[in-house]
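Engineer: First the structure, then my questions, so here it is.
Numbering (this note's numbering), first residue to last: 1 to 164.
Structure, rendered in structure tokens:
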């Protein structure tokens, strides 16, 4: 799986998303310009000690990303989407694209890809969810559909044992 952040602005969101990517074996793709430096303390704090394990790639712009991933299956998470995120069948190597915290994915990109735009249902006039939460919601649905391939499905207690 792949997470793509289009011009992310808030370092703590990207740090949290990076940590989620490490925990799920997901690659993170960052489309510049970024609203922060990759050396920023807030980014590292949110990503904890996982950031060093993260498979992260940056791109100078959207065209650079597209040029490096020709033919990639892209899904665009947007409040403007026509399809609910859980109604889509995600391929194991797909790219889940999320936009800027303040503006989302540019509408020109969305208009070119209407059938690949997915939304998380919300009530009322809520504009959006937190970016890191949105990534987790959609990513885990995609992973679930792919049987959580390669992931640990059972946990262990630290001091006690389940069977004792």
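Just so you know, even glycine gets a beta-carbon here, dropped at the ideal spot from N, CA and C. No experiment lies behind these values; they were computed from the predicted model shown.
Under three-state DSSP, which class holds residue 156?
Structural biologist: Along the chain shown, read from residue 1 onward, the residue named residue 156 stands at position 156. Reduced to three states, the DSSP call for residue 156 is coil.
Engineer: Need the endpoints of the alpha helix (DSSP H) that residue 23 sits in, please.
Structural biologist: Numbered from its first residue, the chain shown carries residue 23 at position 23. Element bounds for residue 23: 11 to 24.
Engineer: Short check: CB of residue 18 to CB of residue 56, under 8 Å?
Structural biologist: By 1-based counting over the chain shown, the position of residue 18 is 18. By 1-based counting over the chain shown, the position of residue 56 is 56. Yes.
Engineer: Would residue 108 be called buried (16 or more neighbouring beta carbons within 10 Å of its own) or exposed?
Structural biologist: Mapped onto the chain shown, residue 108 falls at position 108. Burial call: exposed.
Engineer: Does the distance from the CB of residue 4 to the CB of residue 96 come in under 8 Å?
Structural biologist: The residue given as residue 4 occupies position 4 in the chain shown. The residue given as residue 96 occupies position 96 in the chain shown. In contact: residue 4 and residue 96 (Cβ atoms closer than 8 Å).
Engineer: Please report the distance separating the alpha-carbon of residue 65 from that of residue 29.
Structural biologist: Along the chain shown, read from residue 1 onward, the residue named residue 65 stands at position 65. Along the chain shown, read from residue 1 onward, the residue named residue 29 stands at position 29. Each residue's alpha carbon lies about 8 Å from the other.
Engineer: Ignore the nearest five residues each way along the sequence and tell me which others in residue 100's own chain have a CB closer than 6 Å to its CB.
Structural biologist: Residue numbering aside, residue 100 sits at position 100 when the chain shown is read from its first letter. Correct list, in chain order: 7, 9.
Engineer: What are the boundary residues of the beta strand (DSSP E) that includes residue 77?
Structural biologist: Locating residue 77 in the chain shown gives position 77, where the first residue counts as 1. Taken as a continuous stretch (DSSP letters only), the beta strand (DSSP E) holding residue 77 covers 74 to 77.
Engineer: Could you pull the start and end residues of the alpha helix (DSSP H) that residue 65 belongs to?
Structural biologist: The residue labelled residue 65 in the question sits at position 65 within the chain shown. 62 to 68 is the extent of the alpha helix (DSSP H) around residue 65.
Engineer: Output needed for residue 121: all residues of its chain with C-beta closer than 8 Å, excluding positions within five of it in sequence on either side, in chain order.
Structural biologist: Here residue 121 corresponds to residue number 121 of the chain shown, with the count starting at 1. So the qualifying residues of the chain are 84.
Engineer: Tell me whether residue 57 sits in a helix, a strand or coil according to DSSP, three-state version.
Structural biologist: As a working note, residue 57 is residue 57 in the chain shown. Strand, per DSSP.
Engineer: In terms of DSSP beta bridges, what is residue 232 paired with?
Structural biologist: Past the edges of the chain, shown from 1 to 164, lies residue 232, and the structure says nothing about it.
Engineer: Across the stretch 124 to 131 and the stretch 32 to 42, are there enough close Cβ pairs to call them in contact, namely three or more that are closer than 8 Å?
Structural biologist: At 8 Å Cβ cutoff, the stretches do not touch.
Engineer: Going by beta carbon distance, what residues of the same chain come within less than 8 Å of residue 27, once the five residues before and after it are set aside?
Structural biologist: If you number the chain shown from 1, residue 27 lands on position 27. These residues qualify, in order along the chain: 1, 2, 3, 21, 55, 56, 57.
Engineer: Residue 156: buried (16+ other C-beta within 10 angstroms of its C-beta) or exposed?
Structural biologist: On the chain shown, residue 156 is found 156 positions in, with the first residue counted as 1. It is exposed - the Cβ of residue 156 has fewer than 16 other Cβ atoms within 10 Å.
Engineer: Mind checking residue 98: buried by the 16 CB within 10 Å criterion, or exposed?
Structural biologist: Taking the chain shown and counting its residues from 1, one reaches residue 98 at position 98. Buried is the call here.
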